[in-house]
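Each residue of the sequence shown is one higher than the one before, counting from 0 in numbering that gives the first Met the number 0.
Here is the structure we will look at, set down as structure tokens.
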Amino acid sequence: MKTLLIPTDFQLETTHCVPQLVHRFHPQKLNILMVHLVGITDSVGELLMLSRRSAENRFISDDFYRTCHNLRKSYADSIQDIRIEFFYGNTMAAFKNYLDANNVDTIVTLKDLDYELLTERSLDPDAFINRSGRNVLTIDLNKPLFELPKQAPLTVLEPETV
């Protein structure tokens, strides 16, 4: 079982790497965490309300939920679970604890993806990823899943005259 964390801004593009991941890690079963990082406040009042946080959920579209559900069904033999979560914290120690608690083996980043910060407290995941000590796998969505071998150009043969 392999657990992968994919930082997301809940755009459908961040789900497009899943087929590549299934292919790459086959025959291992995968747990996939789609995570948006949010800084935590130092206000006591807001901290008391933290368990009631649902405001961020409005950023997750029905299409995103549906796509994750469909991917889980389409690759049921390879994907054990796809979870959509928020990480709340400001420190590297908190992020490492989150990774440990979820048994994250690898963090997946998407090449050339412009990660959108959804709230004023959203965090750029790169700062945490680079210092996490975990394996980082960068996926290029513009690269085909399978590359066909290059073939020599075809030569047209003329029929022989006798």
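Note that beta-carbon positions come from the ideal geometry of N, C-alpha and C, so glycine has one too.
All values reported here derive from a predicted model rather than from experimental measurement.
With respect to the alpha helix (DSSP H) encompassing residue i, which residues constitute its N-terminal and C-terminal limits?
| i | result |
| --- | --- |
| I128 | P124 to N129 |
| T66 | D61 to S73 |
Run through DSSP, which three-state label would residue i get?
| i | result |
| --- | --- |
| Q19 | helix |
| E169 | Residue numbering for the chain in the displayed model covers 0 to 161; residue 169 lies beyond these limits and cannot be assessed. |
| L112 | coil |
| N56 | helix |
| N141 | coil |
Within the same chain, show all residues whose beta-carbon is closer than 8 Å to that of residue i, passing over the 5 residues directly before and after it, in chain order.
| i | result |
| --- | --- |
| H25 | S77 |
| C16 | I5, V107, L109, I138 and L140 |
For residue i, report the span of its beta strand (DSSP E) as first-last.
| i | result |
| --- | --- |
| N102 | Neither: N102 is in no beta strand (DSSP E) and is coded neither H nor E. |
| K1 | K1 to P6 |
| L11 | It is not in any beta strand (DSSP E) - L11 carries neither H nor E in the DSSP assignment. |
| R82 | I78 to Y87 |
| T137 | N134 to I138 |
Spatial neighbours of residue i within its chain, please: CB distance less than 7 Å, with the 5 preceding and 5 following residues excluded, ordered by chain position.
| i | result |
| --- | --- |
| D62 | L11 |
Kindly list the residues whose CB is nearer than 6 Å to the CB of residue i, restricted to its own chain and excluding five residues on each side of it in sequence; keep chain order.
| i | result |
| --- | --- |
| R210 | Because the chain is modelled from 0 through 161, residue 210 falls outside the range shown and cannot be assessed. |
| C67 | I81 |
Counting C-beta neighbours from all protein chains within 10 Å, is the total for residue i 16 or more, i.e. buried, or is it exposed?
| i | result |
| --- | --- |
| V34 | buried |
| T90 | exposed |
*Is it true that the region 102-117 meets the region 5-25, where meeting means three or more beta-carbon pairs spaced less than 8 Å apart?*
yes
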